[in-house]
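Quick note: the sequence shown uses full-length UniProt numbering, first residue 1, plus one each step.
Cβ atoms here follow ideal geometry from the backbone N, Cα and C, with glycine treated the same way.
First the structure, in the form of structure tokens, and then the observations on it.
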Amino acid sequence: MARKKIALIGAGNIGGTLAHLAAQKELGDVVLFDIVEGVPQGKALDLSQCGPVEGFDASVIGTNDYADIAGADVVIVTAGVARKPGMSRDDLLGINLKVMKSVGEGIKQYAPDAFVICITNPLDAMVWALREFSGLPHSKVVGMAGVLDSARFSTFLAWEFGVSVRDVSSFVLGGHGDTMVPVVEYSTVKGIPVPDLIKMGKSTQERIDAIVKRTANGGGEIVALLGTGSAYYAPATSAIAMAQSYLGDQKRVLPCAAYLEGQYGVDGLYVGVPVVIGKDGVEQVIEIALDEKAKAGLQVSIDAVKELLVACKAIDGSLA
Ligand code: APR
């Protein structure tokens, strides 16, 4: 069987980490694309030289030519600029929208059958714009946010309860921004919902509220610590989990920014919800019942995403 091809658009911090993970896990041969000359080639050469040590046969090439992504099975997009301290994800909108246009056109021309995962921020608007510019089916273009946000939530919950992260399962819905909605009721330790754990005296409502807040600001906390750039290890590994579910038809239930057509009362927007990812891309959107507080939180988040789309349409008339 021919090897799969993984194209990574953007060879920065996340792109380089993605390339390393994709090669190590032998998801397929890796093509690392960037507009900056030398960087993708240099990173690809460095990563190729990991092969003999780590024992992978995947090839890693760097390029500045979209033609090299031809026939890619998966495309992961990190092209654009990342946040600096004091910036919100939304501050990146104008610059990254232009980037999505060129990336979308490149994908449309060379990899129209790919499963496309967008990571570029502001995520929910950029994944929508990338879909518009590429013209691919909505089920094949998805945004990476929820896997990362719930990984952050799960990490903090595991620390709070003093248990293995493997036994924590958590849910985060909504846009990938300060308005995201970590859903405490659906977050569990080995099936025990967090509200029950509070009743059992394992934590307090105040401490869980603080964790919810820390999760929503999870990216900002790292931006402030790094001083330059934003998080990249966990974002990369989260996107790889999504790619693996697609390539292996695993049908994992993963929270992703997916295109909604009526679900959760939303039509025509990308919003973070649990979906099933398999060989056809987003195969199902799972609609969970939400209590009034979560519903209200989700509405605030949806409104924030809507505002970003209005801004996108004002910048680029072709999106209106
Ligand atoms: N086409 C291709 N690559 C581009 C383009 C473009 N039009 N414009 C910029 N790039 C490249 C840059 O040259 C850089 O190598 O995108 C890369 C971005 O890398 P970093 O600045 O290291 O950013 P990174 O941390 O990887 O984050 C990328 O993901 O999480 C989001 O907010 C983050 O939007 C940012 C993106």
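Inclusion of isoleucine 35 in the 8 Å shell around the ligand APR follows from its C-beta lying nearer than that to a non-hydrogen atom of the ligand. Shown here, tyrosine 186 sits in a strand according to DSSP, grouped into three states. Between valine 183 and valine 168, the beta carbon gap of about 14 Å keeps them out of contact (Cβ cut-off 8 Å).
By alpha-carbon distance to alanine 72, the top candidate from Gln109, Leu123, Pro274 and Ile211 is Gln109.
Non-local C-beta neighbours of aspartate 249 in its own chain, meaning closer than 7 Å and more than five positions away in sequence, comprise Gly278 and Lys279, ordered along the chain. Of the residues assessed, methionine 126 falls on the buried side of the cut-off, its CB having 16 or more other CB atoms within 10 angstroms. Lysine 101: member of the alpha helix (DSSP H) spanning 93-110, first to last residue. A heavy atom of the ligand APR is found nearer than 8 Å to the CB of arginine 89. When DSSP reads this structure, cysteine 118 sits in a beta bridge with Val77 and Gly143. Looking from the CA of serine 170, the closest CA among Gln263, Ala158, Pro52 and Asp178 belongs to Ala158.
The nearest non-hydrogen atom of the ligand APR is less than 8 Å from the C-beta of isoleucine 14.
Contact annotation: isoleucine 14 and threonine 78 have beta-carbon atoms nearer than 9 Å. Excluding five sequence positions before and after asparagine 96, the CB atoms of its chain that fall closer than 6 Å to its own CB belong to Gly80, Thr120 and Met126, given in chain order.
Nearest to isoleucine 211 by alpha-carbon distance, out of Lys190, Glu261 and Ser150, is Ser150. Proximity of the region 265-275 to the region 44-56 falls short of the contact definition, fewer than three beta-carbon pairs being nearer than 8 Å. Of Ala294, Gln263, Val253 and Lys295, the smallest CA-CA separation from valine 275 is found for Val253.
Using a Cβ distance threshold of 9 Å, aspartate 34 and glycine 10 count as a contacting pair. Here the distance from the Cβ of valine 163 to the nearest heavy atom of the ligand APR is not below 8 Å.
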